[in-house]
Every structure is written in C-alpha cells, then in structure tokens.
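Each residue of the sequence shown is one higher than the one before, starting from -9 at the first, in the working numbering. For reference, the structure discussed in these notes is given below.
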Amino acid sequence: MGKHVYIETYGCQMNEHDSEQMLRLLEGVFYSETKEAKDADLILINTCSVREKPEHKVYSALGRFKKLKEEKGTIIGVAGCVAQQEGERLLDRIPYLDMVIGTRAIQALPDLVQKVEALGQRVCEIGFDAEEGYLKTPLPQRPLFKVKSYVTIMQGCDHFCSFCIVPYVRGRERSRPSKEIIKEVKDLAEMGVKEVCLLGQNVNGYGKGIGGELGFSELLHQINEVNGIERIRFTTSHPADISEELIQAFPKLNKLCEHIHLPFQSGSNKILKAMRRGYTKESYLEKIDRLKEVCPSIALTADVIVGFPGEEEDDFKQTLDLMERVQFDDLYSFKYSPRKGTKATQFQDRVEEKVKQDRLSVLQEIQKEVTLKKNREIEGRVEEVLVEGQSKQSDRDVTGRTRSNKIVNFEGSLDLVGKMPPIKILKAYPHSLRGEIRSFEFGLPPQ
Ligand code: SAM
Ligand code: SF4
C-alpha cells in the first residue's frame, strides 16, 4: 500500500498551484493524495501571511493535527509564506512539527520528506539561494482530468507596496523562460486542458527583470497559437505596469478571455501615495476607460483595502467614488492588517477596528448590489460556457464559466465536461447564473 498525503491550502491561487506542484512531486516518492487528514502519513499546511487572519489559521490547524502526530506519528510540515517568514522559529515554537518548506524550496520537498522518514530529522529549507529550478513544473505522472490549469510564469514582486509582505516572502521578480512556459502549455493541451491561467504576483512584469526573454504581451500572443488551448486568463496585473500593448491584446487575441483583475487598493491619491502604489485614481480610471474602449464586454474585478493608516472619511469616499465610476463585476475587499517588516507598520495614524469594519460593510453592501446588477445584465443572453464538472448544488446540473469568468449552472450530463456549449442565461444570482443549453449539437434543452 502506498502512502498518503493530505494538504491544507490557505491564500491565493499561487498557493493553490504550489499545492498541486507538491502533490505531483510527492507522487515521485510514492505518495498519493487523501482528502482526510486522519488517513494521511504526511500532512502539509500550505500557508499565507498576506493578512493576519490566514496567518492565524496556521496555528489553529497545527493544533488540530497535534493529536494525529501523537496517535500515529503522522509527519507534519508547514510550507508557503508563513514557513518562509518564520523559518526555524516555527520548529522552535511547535515541537511536533517535522518540516518547514519555504516558498522557493518546493522542489526539495521529496528529499526533505525522505530525510524525515529515514533519519527522523526535523528539517527547515527556506533559502532563496537554494532556488535552482524552483519555477520548474514537474510533469504529472498520471492523466490530469482537468479542464483548466494554472501555469506559473513568474514569481516574486519588485513593487514593495508599503502594506505588503509578498516581496519578503516570495522574493524579487523572476520570470520563467518562455520556451518552458510554452512547452508546459502544449503538454497541458495534450492532456486535455482547455484553459490556462497564467500566474504571477505581477504578470505585467514578465520578462522585465531576471529571466524571460519576451514581454508579457508577446508571451500571450505565442500561447494564443497553441492548438487545443481554447481560453487564456492571467492574474494578477499591476495598474502601473499595464501597457497599451496588453490592452490591445484583448481585441486581438481570440483566446484571451474578456476579464481582467486589476487591484486598485484605494481611490484616494493620498492613500495610494502612502501605499506606494505608483499610480493615481485618475490614471487608474484612464486605464479602465481604455480597456472598456477596446473591449466593451470586458469584466472587471479588483482588490481593495479599507482602513489603511491615515484613511479619513473623505479618502474612503474617494474609494466608493472609484467603485461607482468603474462598476466592478466583483471585488475582493480587505481590512488593512499590519504585516511585520513592511513599511506601513511604522505609520502612526492607525484606523480604529470599528471604523475599518464599518467601512468594509458599507463597501461590501454597495458591491453586492453592483455585482447582482452586472449579472442581471447578462440575463437573456447566450454565452459560451466552458464546462468544468458536476455542480455542487444538484447531481442533474453541471457547472462552468463564461469567458467573463462568471459561474453558470445548468442541467446537463458530465459528457459536456471540457466542451463549450452555448448557454442561454435565464436567471442571475449574486454569485452565479442559471442557464439552459441552447444547441442541438450539445443535447436538447431540458423540458
Ligand atoms: N500582486 C497583487 C497586487 O499587486 O494587486 C496582489 C497581491 S496580495 C497576495 C492580494 C491582495 O491582498 C492585495 O491586492 C491586497 O488587496 C491584499 N493585501 C495585501 N497585503 C495586505 C494587508 N497588509 N492588509 C490587508 N490586505 C492586504
Ligand atoms: Fe504586494 Fe504590491 Fe507586489 Fe502586489 S504589487 S504583490 S500588493 S508588493
């Protein structure tokens, strides 16, 4: 019998993708995935330290797994941003922890696991220098059965926004060679993947610093040529770096989906400056106008922070005004939380917790309405939906996404997975759409 690994993942798409990489690497040393921690021989917690809340979850997760360690000697490891940030301190603090694996040490995971298994050693690998090949993707050892896949194109960030821990825990920007990326995309296409989402903390920085011989737009053009791939997405873009060339790619590249996630963080120029974001409310709005001009159907999503030090009522109003002008399809909103080692922790004029919470609630209420309104605009339209699998809501339904990245549920069989039937949108909800299949090619509409 093989061994089993259970991975618990917190944080962003980058972490989700890293967890997948870890699973693939561990297949090489005879581990297969289990969804139950109690059945695992190895438990990995892939952590996030971008905000306070996910960081705290790590310690409560470790508490939950302590009993398994005592009862059956399960090996326990912490990976990701908290591992990178805390290093050996984690081993000191948690006596039953076996492994600490930094953000650029994923490739070393099989060796580290074998060290723990064979020698009973506790190990910590967080060197940014031990990064040779850290961006390489291990090829899957088995068919993927996946419709869409992430592809890492770069790691790290050079922006050093004053609130953000990412440059400290993920290092400086490094791009993967484009040939490797294209090869991975082709391999994925051969395995049946139809949609790729290119990943990086600042994809617009692709090829600008270390590594990567093409610019980001050129890379998109090349991926657009890969047979079998039907859709391309990317995340995340930085508003200061988004070029006219990239904006022009939306109408030019038929596979590039009409959606961009463009975090603005604040609508106040005073706060944007203190955040060191490198753009103003006006220049952000100009970029949005250009995007809407060249691609009128583009869906827009973003991240925003409330309660950054020094944020006054008028600054918050500027944020609401920016939202009003853009009309985002969806918004990820956060209360500012100070991160150790970042510039903003030195700022004095902290915003009270209650004020932060009130502003967050106001903002989220407004966005809820706008999201529903945007979803309702699609009612009655026929949309191309890439079918991903069974819907969670009903066995009779399948689920997929429009090119604008909206979730659509409709009645249909699993034979549709990987196909892109035209779906008439019947009803909009806050987080999804209900539709029905339109084409005889894909089966009759339900009675
Ligand atoms: N690279 C992306 C960018 O520049 O927009 C996103 C990086 S971060 C992983 C994702 C989001 O977390 C940010 O866009 C920001 O809104 C939020 N975030 C980062 N640091 C934060 C902090 N200290 N407090 C609250 N939210 C934070
Ligand atoms: Fe963090 Fe700013 Fe880099 Fe985004 S651009 S990862 S917010 S430092």
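Just so it is clear, CB atoms sit at the ideal spot from N, CA and C, and this is done for glycine as well.
- Those residues placing their Cβ nearer than 6 Å to any heavy atom of the ligand SF4 are, following chain order, C147, H149, F150, C151, C154, V156, P157, Q191, N192 and H228.
- Listed in chain order, the beta strand (DSSP E) elements of length 3 or more contained wholly in the region 205 to 246 are 221 to 225.
- By the CB criterion at 8 Å, K414 and E401 fall outside the cutoff.
- A straight-line Cα-Cα distance of about 10 Å links R83 and E76.
- Rounded to whole angstroms, the gap between the alpha carbons of R166 and E60 is 42 Å.
- Ranked by how close their Cα comes to the Cα of K263, the residues P299, D231 and C247 have P299 in first place.
- Note that the region 164 to 181 does not touch the region 40 to 54; fewer than 3 beta-carbon pairs, one per stretch, sit closer than 8 Å.
- When secondary structure is reduced to three states using DSSP, N365 falls in the helix class.
- A residue is called buried once 16 or more other Cβ atoms fall within 10 Å of its Cβ, and D88 is buried on that count.
- In the structure shown, the three-state DSSP call for L404 is helix.
- In this structure, S233 and E203 do not form a Cβ contact; the two beta carbons are roughly 17 Å apart against a cut-off of 8 Å.
- Rounded to whole angstroms, the Cβ separation of I65 and V106 is 5 Å, and the two are in contact under 8 Å.
- Cβ contact annotation for I278 (same chain, cutoff 6 Å, sequence separation greater than five): V316, in chain order.
- When distances are taken from the beta-carbon of C2 to the heavy atoms of the ligand SAM, the shortest one is below 7 Å.
- Look at M410 here: in three-state DSSP terms it is coil, with no helix or strand label.
- Shortest Cα-Cα distance from C114 to any of V141, V137 and L80 involves L80.
- Assignment of beta-bridge partners to E23 by DSSP yields V(-5).
- Within the region 8 to 86, the runs of alpha helix (DSSP H) at least 4 residues long that lie entirely inside it are, in chain order, 42 to 62, 71 to 76 and 78 to 83.
- The region 209 to 225 makes no contact with the region 252 to 262, as fewer than three CB pairs between them are under 8 Å.
- Per DSSP, Y274 is one residue of the alpha helix (DSSP H) stretching across K271 to V284.
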